[in-house]
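Those letters in the sequence shown? Residues 1 to 232, per the numbering used here, in order.
Below is one structure, written out as structure tokens; the observations come after it.
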Amino acid sequence: MATSTVTSGAPTKTSSILLKSLMAITGLVFVGFILAHMYGNLMIFAGEEAFNEYAEHLRTIGTPMLPEKGVLWIVRIVLILSLVGHAYAAFTLWSRAGNARKTRYAVVTNAARTVWVSRAMRWGGVALLLFLVFHILHFTTNTIQINGDFDSPAARLVSSFEVWWAVLIYVVAVLALGMHLLHGVWAAGMTLGLNTSLAAAERLRISAVAVAAVVVVGFLLPPLSILFGLIP
Numbered sequence: 001m002a003t004s005t006v007t008s009g010a011p012t013k014t015s016s017i018l019l020k021s022l023m024a025i026t027g028l029v030f031v032g033f034i035l036a037h038m039y040g041n042l043m044i045f046a047g048e049e050a051f052n053e054y055a056e057h058l059r060t061i062g063t064p065m066l067p068e069k070g071v072l073w074i075v076r077i078v079l080i081l082s083l084v085g086h087a088y089a090a091f092t093l094w095s096r097a098g099n100a101r102k103t104r105y106a107v108v109t110n111a112a113r114t115v116w117v118s119r120a121m122r123w124g125g126v127a128l129l130l131f132l133v134f135h136i137l138h139f140t141t142n143t144i145q146i147n148g149d150f151d152s153p154a155a156r157l158v159s160s161f162e163v164w165w166a167v168l169i170y171v172v173a174v175l176a177l178g179m180h181l182l183h184g185v186w187a188a189g190m191t192l193g194l195n196t197s198l199a200a201a202e203r204l205r206i207s208a209v210a211v212a213a214v215v216v217v218g219f220l221l222p223p224l225s226i227l228f229g230l231i232p
């Protein structure tokens, strides 16, 4: 009986570890992209011409070795695959955790906090996914137009963030992203075994806080500066 129980439980345990590893690796891919994207947004402080040159460089990088937008499409494919893998792992683990809570237990303070963080990560991830669709339709495909239709990436950015409710949407999304990164970077490090000691665990915690803070500040500077007229 004991042997049968261990054997039946092993595949689920191993599968959960693989799913968490998939979430960690794809999450770190997104962290790299987010930091690069944040740097690109900050180019608006260098002026409209510099921002437009940066946007054009993204389309021509790798030419003539690769066709125009070749590198851009490689990055997009990697991000799409990472998004699919990340979402699949997240929703699978979410469903599995829900099925495991069929019996109610006494909830202590730490357990309650863990449940709150877990739910915040899940629903925050869903909110970020919806914002990602909106963001692509707005800035990438120009399907959603705010405050006018502009061909220039810089003009589209500045004109959009002159509208208060567009900035509000962006602020809420960035704050949600910061909370997601705060726990996500830490969880990814734990999953990948970076907490080898108390000192390493503390460095991991500080790194998660630093990444979340840099991303939030870096992404909020352009829209708030534009809204308050600090960028012409």
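Built from N, CA and C at the ideal position, the CB exists for glycine as well.
Just so we're clear, the structure is a prediction, and the values are computed from it rather than from any experiment.
Euclidean distance between Cα positions of residue i and residue j
i, j, result
"residue 19", "residue 126", "18 Å"
"residue 250", "residue 139", "Shown here, the chain extends from 1 to 232; a query on residue 250 therefore has no answer."
"residue 231", "residue 221", "10 Å"
"residue 179", "residue 63", "38 Å"
"residue 143", "residue 95", "34 Å"
"residue 228", "residue 163", "10 Å"
"residue 161", "residue 38", "16 Å"
"residue 24", "residue 192", "7 Å"
"residue 128", "residue 135", "10 Å"
"residue 150", "residue 197", "53 Å"
"residue 66", "residue 74", "11 Å"
"residue 183", "residue 76", "25 Å"
"residue 211", "residue 131", "20 Å"
"residue 146", "residue 61", "29 Å"
"residue 209", "residue 173", "18 Å"
"residue 141", "residue 165", "20 Å"
"residue 80", "residue 148", "29 Å"
"residue 226", "residue 119", "34 Å"
"residue 199", "residue 71", "39 Å"
"residue 93", "residue 56", "40 Å"
"residue 105", "residue 169", "Reliability fails at residue 105, whose pLDDT of 48 lies under 50, so the model's placement of it is uncertain and the value that follows must be treated cautiously. Cα to Cα, the separation comes out at about 38 Å."
Pick from the options that is closest to residue i, judged by C-alpha positions
i, options, result
"residue 190", "21, 67, 16", "21"
"residue 213", "181, 231, 157, 203", "181"
"residue 33", "164, 215, 121", "215"
"residue 171", "84, 94, 122, 218", "218"
"residue 82", "31, 60, 68", "31"
"residue 121", "87, 154, 146, 147", "87"
"residue 157", "40, 197, 28, 131", "40"
"residue 16", "91, 149, 146, 155", "91"
"residue 154", "47, 27, 26", "47"
"residue 26", "70, 84, 93", "84"
Rounded distance between the beta-carbons of residue j and residue i, thought under 8 Å
i, j, result
"residue 43", "residue 36", "That belief does not hold up - the Cβ atoms of residue 43 and residue 36 are roughly 11 Å apart, past 8 Å."
"residue 185", "residue 152", "Incorrect: roughly 35 Å between the Cβ atoms, too far for contact."
"residue 187", "residue 195", "Actually they are not in contact, since the Cβ atoms of residue 187 and residue 195 sit about 11 Å apart, beyond 8 Å."
"residue 78", "residue 29", "7 Å"
"residue 176", "residue 124", "5 Å"
"residue 167", "residue 204", "Not really, about 33 Å apart at Cβ, beyond 8 Å."
"residue 53", "residue 59", "Residue 53 to residue 59, Cβ: 11 Å. No contact."
Residue i CB to nearest heavy atom of the ligand ZN below 7 Å
i, result
"residue 34", "Only the bare structure without any ligand can be found here, which leaves the ligand ZN out of the picture."
Per-residue DSSP class, three states only, for residue i
i, result
"residue 223", "helix"
"residue 191", "helix"
"residue 91", "helix"
"residue 48", "helix"
"residue 65", "coil"
"residue 5", "Confidence is the limiting factor: at residue 5 the pLDDT is only 45, short of 50, which leaves the residue's position unreliable, though a coordinate-based value still follows. DSSP places residue 5 in helix when its eight states are reduced to three."
"residue 197", "coil"
"residue 177", "helix"
"residue 230", "coil"
In chain order, which alpha helix (DSSP H) runs of at least 4 residues are fully inside the stretch 114 to 162? 153 to 160
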